[in-house]
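First residue of the sequence shown: 32, per this note's numbering; consecutive thereafter.
Ideal placement from N, C-alpha and C gives every residue a C-beta, glycine not left out.
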Amino acid sequence: MAGNLKGRHFLRLLDFTPGEVRDLLELSATLKRNKRAGVSGRALEGKNIALIFEKPSTRTRCAFTVAAVDEGAHAEYLGKGDIQLGKKETVADTARVLGRMFDGIQYRGFAHRTVEILAEYAGVPVWNGLTDEWHPTQVLADLLTVMEEFGRLEGLALAYVGDGRNNMANSLMVGCAKVGMDVRIVAPANLHPAPELVETAREIAAGTGGKVTVTDSVEEGVRGAHAVYTDVWASMGEESKIEERIALLEPYRVTEAMMEATGRREAIFLHCLPSFHNLETELSQRYPKIREVEDAVFEGPRSRVFDEAENRVHTIKAVMVATLGR
Ligand code: CP
Ligand code: NVA
């Protein structure tokens with residue numbers, strides 16, 4: 032039961048059993064229904080939540096803030112440059128100070144080790160809002176979106192197409208394996224996930240009826256997929272690699288033809304966002320080929336990206352309520 036997660040950190044889906052992941056999704060669905068029905072929760076009443084962001088964020092920051100306020104907590108944003116973290120004060124010391132004042136801490140940043148040190152020293156639940164390696168709260172929102180669309184998860188195929196070794200590819204591979212899905216990482220050979228992680232995901236899938244495939248073939252990867260997922264080609268902190276990634280990943284841009292190649296009329300398109308899908312951002316004007324998805328797909332009838340974005344609130348709320356709530 033999600034009720035057994037009290038006091039736990041939420042750093043990677045690898046740390047949770049398939050049953051615990053399911054329970055978090057069930058709780059997310061319940062909290063979403065309640066919010067839609069106007070029923071407000073009080074599970075976090077009187078709690079103080081610290082939100083540490085070393086990288087920018089729209090969805091994660093707002094989802095943590097809204098979810099905290101919805102359940103009666105106060106959220107304090109600590110942005111890049113606001114606190115000493117690692118600069119004039121060690122991460123461990125910062126963790127011990129914040130842990131004396133706050134009841135829970137969210138961290139978004141670079142090295143995954145930083146969120147692990149926070150968790151080791153804080154003495155309160157620490158939630159990973161994205162590191163270079165993992166983005167676990169995003170995957171809960173993705174799975175909830177797929178569940179809402181198809182009424183189930185097990186046996187469904189999800190093709191993640193693009194940079195196959197980033198935080199989203201890693202997290203989707205593990206998350207989909209945990210819930211018995213057929214996950215395909217579709218990427219050029221030099222952007223494949225670490226072999227040890229693929230092995231671990233395959234071991235998980237062996238116990239859940241899921242399947243893990245890594246391929247450079249778009250045709251093989253998307254055939255039969257219920258969902259096609261992509262992410263930016265250069266993640267936060269990788270801006271110097273943009274041109275190199277465009278050269279490698281142009282054949283992996285999600286197009287209407289790729290959606291057709293799933294062979295499923297019901298196939299949906301997913302993206303964690305933010306996305307380059309038109310020329311209306313500064314970066315896509317500077318690099319017009321940076322687009323990982325065609326505008327026609329992003330704006331088209333198969334796209335569920337804004338449902339997915341909304342689901343960040345409900346799933347993040349579930350994580351906070353399960354680990355910290357009364
Ligand atoms: N998907 C996601 O994490 O979005 P933000 O970077 O806006 O938080
Ligand atoms: N891979 C992306 C995800 C953004 C939500 C990044 O790390 O920038």
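Query - Distance cut-off 7 Å: residue 166 Cβ against heavy atoms of ligand 2 - result: Position 135 of the sequence shown, counted from the start, is the residue given in the question as residue 166. Yes.
Query - Per-residue burial, residue 221 [other beta carbons within 10 Å of its own, 16 or more giving buried] - result: Within the sequence shown, numbered from 1, the residue matching residue 221 stands at position 190. Exposed, because fewer than 16 other Cβ atoms sit within 10 Å of the Cβ of residue 221.
Query raised in the report: How long is the line joining the alpha carbons of residue 62 and residue 352, rounded to whole angstroms?
Result: Translated into positions along the sequence shown, residue 62 becomes position 31. Translated into positions along the sequence shown, residue 352 becomes position 321. Approximately 10 Å between the Cα atoms of the pair.
Query raised in the report: Where does residue 206 sit, in a helix, a strand or coil, going by DSSP?
Result: As a working note, residue 206 is residue 175 in the sequence shown. Helix.
Requested in this report: Would you kindly report the start and end of the unbroken beta strand (DSSP E) that includes residue 136?
Outcome: Along the sequence shown, read from residue 1 onward, the residue named residue 136 stands at position 105. Residues 135-139.
Query raised in the report: What is the C-beta distance between residue 305 and residue 48, in whole angstroms, given that I count them as a contact (C-beta under 8 Å)?
Result: Stepping through the sequence shown from its first residue, residue 305 is reached at position 274. Stepping through the sequence shown from its first residue, residue 48 is reached at position 17. So it is not a contact: roughly 32 Å between Cβ atoms.
Query raised in the report: What does DSSP give as the partner residues of residue 260 in its beta bridges?
Result: As a position in the sequence shown, residue 260 is number 229, starting the count at 1. 191 and 301.
Requested in this report: Compare the beta carbon distance of residue 307 and residue 323 with 8 Å and say whether it is the shorter of the two.
Outcome: Stepping through the sequence shown from its first residue, residue 307 is reached at position 276. Stepping through the sequence shown from its first residue, residue 323 is reached at position 292. Closer than 8 Å, so yes.
Requested in this report: Tell me whether residue 87 is buried or exposed, calling it buried when 16 or more other Cβ atoms sit within 10 Å of its Cβ.
Outcome: On the sequence shown, residue 87 is found 56 positions in, with the first residue counted as 1. By the 10 Å Cβ count, residue 87 comes out exposed.
Query raised in the report: What number of angstroms, rounded off, separates the C-alpha of residue 239 from the C-alpha of residue 285?
Result: The residue given as residue 239 occupies position 208 in the sequence shown. The residue given as residue 285 occupies position 254 in the sequence shown. Rounded to the nearest angstrom, the two C-alpha atoms are 29 Å apart.
Query - Coarse secondary structure for residue 242, derived from DSSP in three states - result: For the purposes of this step, residue 242 is taken as residue 211 along the sequence shown, with counting starting at 1. Correct three-state label for residue 242: strand.
Query raised in the report: Do residue 181 and residue 187 have their C-beta atoms closer together than 8 Å?
Result: Position 150 of the sequence shown, counting from 1, holds the residue named residue 181. Position 156 of the sequence shown, counting from 1, holds the residue named residue 187. It is a contact, given that the beta carbons lie within the stated cut-off.
Query raised in the report: How about residue 168 and residue 354: are their beta carbons less than 8 Å apart?
Result: If you number the sequence shown from 1, residue 168 lands on position 137. If you number the sequence shown from 1, residue 354 lands on position 323. It is not a contact, given that the beta carbons lie outside the stated cut-off.
Report task. May I have the straight-line CA-CA distance separating residue 264 from residue 130, to the nearest angstrom? Result -> In the sequence shown, the residue the question calls residue 264 occupies position 233. In the sequence shown, the residue the question calls residue 130 occupies position 99. So the alpha carbons of these two residues sit roughly 36 Å apart.
Requested in this report: Return the Cβ separation of residue 45 and residue 349 in integer angstroms, given the expectation that the two are a contact with Cβ distance under 8 Å.
Outcome: Here residue 45 refers to the residue found at position 14 of the sequence shown. Here residue 349 refers to the residue found at position 318 of the sequence shown. No, residue 45 and residue 349 are not in contact; Cβ-Cβ is about 18 Å, not under 8 Å.
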